[in-house]
Amino acid sequence: MNPAIRTPMLFGFVAVLMIGTGIVQGWNSALLILNMGLISAIMALGVNLQWGFAGLFNIGVMGFVALGGLAAVLISTPPTEGAWAAGGWNIVIGLLLGAATVVGAILAQSRMAAGRLRTLTTLGILVAGFFVYRAVFDPGVDAIEAINPSVSGNIGGLNLPVLLSWPVGGLLAAGAAWIIGKTALGLRSDYLAIATLGIAEIIIAVLKNEDWLSRGVKNVIGLDRPVPFEIELQQDPTFVQRAVGLGLDPVTASGIYTKLAYSALFVVVLLILLWMAQMALKSPWGRMMRAIRDNETAARAMGKDVTARHLQIFILGSAICGIAGAMMTTLDGQLTPGSYQPLRFTFLVWVMVIVGGSGNNFGAVLGGILIWWLWVQVEPMGLALMNLLSSGLEDGSALQTRMIDAAAHMRLLTMGLLMLIVLRFSPRGLIPER
Amino acid sequence: MDAINAFVVLANFVIVPGLAYGAQLALGALGVTLIYGILRFSNFAHGDTMAFGTAITIIGTNALIAAGITFGPLPTALIALPLGIAVTCLLLLGTDWAVYKFYRTKKAAPVILVIVSMGVMFIMNGVVRFIIGVGDINFADGERFVITARGFREATGLAEGLAIRTTQVITVVVALIAMALLFWFLNKTRTGKSMRAFSDNEDLALLSGINPDWVVKVTWMIVAALATTAGVLYGLDKSFKAFTYFQLLLPIFAAAIVGGLGSPLGAIAGGFVIAFSEVTVTYAWRRVVAYLVPEDMAPEGLLQLMSTDYKFAVSFAILIVVLLFKPTGLFKGKSV
Numbered sequence: 144m145n146p147a148i149r150t151p152m153l154f155g156f157v158a159v160l161m162i163g164t165g166i167v168q169g170w171n172s173a174l175l176i177l178n179m180g181l182i183s184a185i186m187a188l189g190v191n192l193q194w195g196f197a198g199l200f201n202i203g204v205m206g207f208v209a210l211g212g213l214a215a216v217l218i219s220t221p222p223t224e225g226a227w228a229a230g231g232w233n234i235v236i237g238l239l240l241g242a243a244t245v246v247g248a249i250l251a252q253s254r255m256a257a258g259r260l261r262t263l264t265t266l267g268i269l270v271a272g273f274f275v276y277r278a279v280f281d282p283g284v285d286a287i288e289a290i291n292p293s294v295s296g297n298i299g300g301l302n303l304p305v306l307l308s309w310p311v312g313g314l315l316a317a318g319a320a321w322i323i324g325k326t327a328l329g330l331r332s333d334y335l336a337i338a339t340l341g342i343a344e345i346i347i348a349v350l351k352n353e354d355w356l357s358r359g360v361k362n363v364i365g366l367d368r369p370v371p372f373e374i375e376l377q378q379d380p381t382f383v384q385r386a387v388g389l390g391l392d393p394v395t396a397s398g399i400y401t402k403l404a405y406s407a408l409f410v411v412v413l414l415i416l417l418w419m420a421q422m423a424l425k426s427p428w429g430r431m432m433r434a435i436r437d438n439e440t441a442a443r444a445m446g447k448d449v450t451a452r453h454l455q456i457f458i459l460g461s462a463i464c465g466i467a468g469a470m471m472t473t474l475d476g477q478l479t480p481g482s483y484q485p486l487r488f489t490f491l492v493w494v495m496v497i498v499g500g501s502g503n504n505f506g507a508v509l510g511g512i513l514i515w516w517l518w519v520q521v522e523p524m525g526l527a528l529m530n531l532l533s534s535g536l537e538d539g540s541a542l543q544t545r546m547i548d549a550a551a552h553m554r555l556l557t558m559g560l561l562m563l564i565v566l567r568f569s570p571r572g573l574i575p576e577r
Numbered sequence: 059m060d061a062i063n064a065f066v067v068l069a070n071f072v073i074v075p076g077l078a079y080g081a082q083l084a085l086g087a088l089g090v091t092l093i094y095g096i097l098r099f100s101n102f103a104h105g106d107t108m109a110f111g112t113a114i115t116i117i118g119t120n121a122l123i124a125a126g127i128t129f130g131p132l133p134t135a136l137i138a139l140p141l142g143i144a145v146t147c148l149l150l151l152g153t154d155w156a157v158y159k160f161y162r163t164k165k166a167a168p169v170i171l172v173i174v175s176m177g178v179m180f181i182m183n184g185v186v187r188f189i190i191g192v193g194d195i196n197f198a199d200g201e202r203f204v205i206t207a208r209g210f211r212e213a214t215g216l217a218e219g220l221a222i223r224t225t226q227v228i229t230v231v232v233a234l235i236a237m238a239l240l241f242w243f244l245n246k247t248r249t250g251k252s253m254r255a256f257s258d259n260e261d262l263a264l265l266s267g268i269n270p271d272w273v274v275k276v277t278w279m280i281v282a283a284l285a286t287t288a289g290v291l292y293g294l295d296k297s298f299k300a301f302t303y304f305q306l307l308l309p310i311f312a313a314a315i316v317g318g319l320g321s322p323l324g325a326i327a328g329g330f331v332i333a334f335s336e337v338t339v340t341y342a343w344r345r346v347v348a349y350l351v352p353e354d355m356a357p358e359g360l361l362q363l364m365s366t367d368y369k370f371a372v373s374f375a376i377l378i379v380v381l382l383f384k385p386t387g388l389f390k391g392k393s394v
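Here the protein sequences line up with chains A and B, keeping their order. Each residue of the first sequence is one higher than the last, beginning at 144 in our numbering. Each residue of the second sequence is one higher than the last, beginning at 59 in our numbering.
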């Protein structure tokens, strides 16, 4: 089918799905799905940039998303009183010393002549640096975590508007991507995959354990919001009046209003990023990227710096994932490091890109929204199916309970099946690359 | 005396657990490395294959216990292990037939196969949750300890105790048997030799009349046996939880890469390297040091280099170091 017809048709189909959900399950749940779908679409854009444009195999999406979430906390929460005085500088200096150690070791490796002396010097710098770092860093951590641990116990943030955290989340993710890219790019594709998988787990481990930073598994809740709170709207007489005028219950109306406000913000971000990605794809830079992807050796022979270009696009794609992560934490209003799971935040995004169409930005966006809708809806659908299948069985029988319990795990099965079917029968996805 | 006590503490908390964990990782890494050598892709579904095999074994174990059959002092799971291996074998052969074969005949790029294995991972993950749920399952029965800490103290008169759990001994023994069988198979049998030939040079192997379908089938069967054994041993030693097995993917891959992807010997070495580094870096050394230095110099802190939650970071750091300085791994593996 002509892509000029196919793309609008598929997007129209997703719109019908959303409207259908709104009619059947209520507009609040439809908007909830749409909002997460928009965020997923942004994550898919980021992965598509790396995989679709450049063929880089990044399975550490979760880590970049979590870094974005951390940005939301560090930007929007008020600073904890006395935390900076108690140990903030120790932590900053400690981290700087840690960084200096690594830089020193790298310098020793690159500047000194190869030999036993170089190895010993490098090891010496690393070991000494580690102990100095711990000696400066640890007291700071203890001091901060001791401050009112049941409410804060972390360093707090900068008390700036939460919207600012979206670009900052992108920057944080870009920084992490630079470090990973510098070490792991230029190795083979599988190695990059394992390296990103590892770094994602490490980022989550840091968020879970460094209480001074993100309160760890105690979670940061009640983050600032860019849109009004439902309760404020419900107490606002003009809003209530207008809701009643539209024939809506004020409680439902306030939920719909805030969610729509979020949707509007997300759509703006998505459109900007989509426009940029589209421009990049069409530009000479985009053509060069695809040339590198399709034949690295030939591109190198044409004088293209493959490693530098890979690093560039790896950073850009990860930054987009970071932005999406900050947006998600803003939407949730809380950072819960325990809830980051690779299946949900890395591999599901991959399903979105593959199903949507890798190499095509519209495909990634479509896949993001569509797959998220499916991910949410499969569970009730599975439950309905199991209820239907087991309706012939005796009520309360072991098999029946088992089948109904199993419905909760339908999601993973469906996603895997969908991914395999698309890969097999339509490997270029729903909206193929042009 | 103090030196002996220090050694006992070290053995109790570092050497024995490290050996058991290393054996489990080595078995897992062997599966990864075999698939890489013969089928030429990194199988991301390996952790979930291990979980599947273990889940079947647990079901078998429960059935055996319900029927009143146990293995005396040893865990009943060892009797159910062949069942787990057989069912996993069928699953992997079925997956290969339904999924991987298509891409192999098409000669798809390795990275496509990796993505396909991600889809398989999703499905297997779902299947495991279907059949056994998401909870923590402890299925080790029989004698808990070979040597208890108290028994050791009474027998030796030392201040420190050394506890060796049955599962740890079983892990090491079973792993050794499995490795010996594997190496005997690869080096002495006709099929094993053709597997190695296929791994070294596919075209040459095909030219000399090796049947690729048979080699691939045998590989999957061996991988099923290795993965199930690794999974059951890990589950006996710790406990079974679907999600933990998925997370094992990282240290297992680290082990396989550190050893050199495609090299069975390397996988074993890599498994122990990763296991011992994880254990030593996250162990609090205070008690060992306290025995070794004069009393007034005894350390105040825990002397723990990193908190246990950062064990991923350890496998990761070793992986990066090896990749940067010796990209083909300790034992020359393949580098595509």
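Positions of the beta carbon are idealized from the N, C-alpha and C atoms, including for glycine.
- Residue pairing by DSSP places leucine 210 of chain A opposite no residue, since no beta bridge is assigned to it.
- For the region 170-182 of chain B, the beta-carbon criterion of a distance under 9 angstroms to any beta-carbon of chain A is satisfied by Ile170, Val172, Ile173, Val174, Met176, Gly177, Val178, Met179, Phe180, Ile181, Met182.
- With 16 or more other CB atoms across the displayed protein chains lying within 10 angstroms of its CB, valine 273 of chain B is buried.
- Taking the Cβ atoms as the reference, glycine 80 of chain B lies roughly 16 angstroms from phenylalanine 370 of chain B, outside the contact range of under 8 angstroms.
- Any Cβ of chain B closer than 8 angstroms to the Cβ of tyrosine 276 of chain A would place that residue at the interface, and such an atom is absent.
- Among the CB atoms of chain B, none fall inside 8 angstroms of the CB of isoleucine 234 of chain A.
- For the region 253-318 of chain B, the continuous alpha helix (DSSP H) assignments of 4+ residues that do not extend past its boundaries occur at 260-265, 270-295, 300-305, 307-317, in sequence order.
- Along the region 556-575 of chain A, the positions whose C-beta sits under 7 angstroms from a C-beta of chain B are Leu556, Met558, Gly559, Leu560, Met562, Leu563, Leu566, Arg567, read in chain order.
- Proximity of chain B to lysine 351 of chain A at the Cβ level (cut-off 8 angstroms) is accounted for by Asp367, in chain order.
- Its Cα nearest to that of proline 304 of chain A, the residue A:Ala214 stands out among A:Ser357, A:Pro146, A:Ala214, A:Glu288.
- DSSP places alanine 289 of chain A in the coil class of the three-state scheme, outside both helix and strand.
- Classified as exposed, leucine 266 of chain A has fewer than 16 neighbouring CB atoms from the shown chains inside 10 Å of its CB.
- Of the candidates A:Trp309, A:Trp516, A:Val284, the residue whose Cα lies closest to the Cα of glycine 299 of chain A is A:Val284.
- Taking 9 angstroms as the cut-off between beta carbons, the residues of the region 312-338 of chain A near chain B are Thr326, Ala327, Leu330, Arg331, Ser332, Asp333, Tyr334, Ala336, Ile337, Ala338, in sequence order.
- Residues of chain B with a Cβ closer than 8 angstroms to the Cβ of alanine 442 of chain A do not exist; the shortest Cβ-Cβ separation is about 17 angstroms.
- Relative to leucine 416 of chain A, the option among A:Leu175, A:Ala187, A:Ile268 whose CA is nearest is A:Ala187.
- Apart from sequence neighbours up to five positions away, the residues of its chain that approach methionine 471 of chain A with a beta-carbon distance below 8 angstroms are Met179, Ile182, Val208, Gly211, Gly212, ordered along the chain.
- Valine 492 of chain A carries a helical assignment under DSSP once its states are collapsed to helix, strand and coil.
- In this chain, the beta strand (DSSP E) harbouring isoleucine 205 of chain B covers 203-205.
- Within the same chain, Cβ atoms closer than 6 angstroms to the Cβ of phenylalanine 243 of chain B are found at Gly250, the five residues on either side in sequence being excluded.
- Within the region 370-381 of chain B, the residues whose Cβ lies closer than 8 angstroms to any Cβ of chain A are, in chain order, Phe370, Ala371, Ser373, Phe374, Leu377, Ile378, Leu381.
- Taking C-beta separations shorter than 8 angstroms and ignoring five residues to either side along the sequence, the partners of tryptophan 227 of chain A in its chain run Ile298, following chain order.
- Checking the DSSP bridge columns, you'll see arginine 223 of chain B partnered with B:Phe203.
- Between methionine 176 of chain B and tryptophan 493 of chain A, the CB-CB gap stays under 8 angstroms.
- A Cβ of chain B is located within less than 8 angstroms of the beta carbon of alanine 348 of chain A.
- Annotation: Cβ neighbours of phenylalanine 200 of chain A in chain B (cutoff 9 angstroms, chain order): Val169, Val172, Ile173.
- Against chain B, the beta carbon of glycine 300 of chain A has no neighbour under 8 angstroms; the closest one sits roughly 24 angstroms away.
- Residue pairing of glutamine 362 of chain B in beta bridges, as defined by DSSP: B:Ala342.
- For glycine 299 of chain A, the beta-bridge partners assigned by DSSP are A:Pro222.
- Interface flag for serine 100 of chain B against chain A is set, since a Cβ pair is found closer than 8 angstroms.
- Residue range 393-425 is occupied by the alpha helix (DSSP H) that includes tryptophan 418 of chain A.
- Chain order gives the chain A residues near valine 185 of chain B as Leu556, where near means a beta carbon separation below 8 angstroms.
- Comparing alpha-carbon positions, the option among B:Thr119, B:Ile123, B:Ala124, B:Ile127 lying closest to alanine 135 of chain B turns out to be B:Thr119.
- When Cβ pairs closer than 8 angstroms are counted between the two stretches, the region 494-512 of chain A is seen to touch the region 194-201 of chain A, the count reaching three or more.
- DSSP, read as helix, strand or coil, puts leucine 389 of chain A in coil.
- Chain A has no Cβ within less than 8 angstroms of the Cβ of leucine 88 of chain B.
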